[in-house]
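Take the position in the sequence shown, starting the count at 1, then add 187; the result is the number in the working numbering. The C-beta atom is built at its ideal place from N, Cα and C for all residues, glycine as well. All remarks here apply to the structure that follows.
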Amino acid sequence: MKKQPLFESTKPIERSLKPIVGEKTYAVWVEMLKQLVPDGRTHRLSVVVAGMLQYASKIAYEKFGSEPKEGSVAASLLFAGETGEEESVSELSDIIEQLFDDAKVRHARKSSRGDEYSIIDSAVMEYIHWHDMPWE
Numbered sequence: 188m189k190k191q192p193l194f195e196s197t198k199p200i201e202r203s204l205k206p207i208v209g210e211k212t213y214a215v216w217v218e219m220l221k222q223l224v225p226d227g228r229t230h231r232l233s234v235v236v237a238g239m240l241q242y243a244s245k246i247a248y249e250k251f252g253s254e255p256k257e258g259s260v261a262a263s264l265l266f267a268g269e270t271g272e273e274e275s276v277s278e279l280s281d282i283i284e285q286l287f288d289d290a291k292v293r294h295a296r297k298s299s300r301g302d303e304y305s306i307i308d309s310a311v312m313e314y315i316h317w318h319d320m321p322w323e
């Protein structure tokens with residue numbers, strides 16, 4: 188008979204893109220962020236990260252189809268944008284934050300006026316509006 192642990196693990200579940208895109212691709216992304224983020228402009232970096240999410244969502248669909256496990260990274264990628272911008276940011280933030288943490292770079296920024304903002308929020312907006320063409 189297997190013993191039950193006395194305490195449940197309080198360690199949060201890591202939500203990472205690595206299992207979806209593979210270790211090699213993920214390592215390249217981490218290295219890209221290490222090199223680009225410190226001196227990069229948010230409006231450019233957010234598109235790069237959104238492109239990573241687009242790629243990951245294509246792979247997630249190939250692996251899991253249109254019905255991935257609820258609460259999974261694949262589900263977050265595939266259904267982002269269906270619930271609204273605020274919900275999409277909260278659904279994807281931890282995934283992108285993990286990517287930035289693995290790259291050991293900061294996603295939080297401060298404008299010249301002292302306003303705080305995040306590359307993550309900008310990246311999610313770029314991701315969920317990827318196919319939008321406002322001029323049409």
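In three-state DSSP terms, what is residue i?
{"i": "SER298", "result": "coil"}
{"i": "GLU273", "result": "helix"}
{"i": "PRO225", "result": "coil"}
{"i": "GLU284", "result": "helix"}
Let's test the definition: count the other Cβ atoms within 10 Å of the Cβ of residue i and tell me whether it reaches 16, buried, or not, exposed.
{"i": "LYS250", "result": "exposed"}
{"i": "HIS294", "result": "buried"}
For residue i, which residues of its own chain have a beta-carbon under 8 Å away from its beta-carbon, when the five flanking residues on both sides are left out?
{"i": "GLN285", "result": "GLU201, ARG202, SER203, LEU204"}
{"i": "ILE207", "result": "ALA243, ILE246, ALA247, LYS250, VAL260, ALA261, LEU264"}
{"i": "GLU303", "result": "ALA295, ARG296, LYS297"}
Who are the Cβ neighbours of residue i in its own chain at under 7 Å, not counting the five residues just before and after it?
{"i": "TYR248", "result": "LEU265"}
{"i": "VAL292", "result": "LEU220, LYS221, VAL224, PRO225"}
Could you tell me the boundaries of the beta strand (DSSP E) in which residue i lies?
{"i": "GLU303", "result": "303–305"}
Only counting the same chain, and skipping five residues up and downstream in sequence, which positions put a Cβ closer than 6 Å to that of residue i?
{"i": "MET219", "result": "none"}
| field | Segment contact flag, the segment 250–263 with the segment 299–316, C-beta cutoff 8 Å, min 3 pairs | value | Short answer: they don't touch.
| query | Per the contact definition of three or more C-beta pairs closer than 8 Å, is the segment 229–238 in contact with the segment 264–282? | reply | Not touching, per the Cβ criterion.
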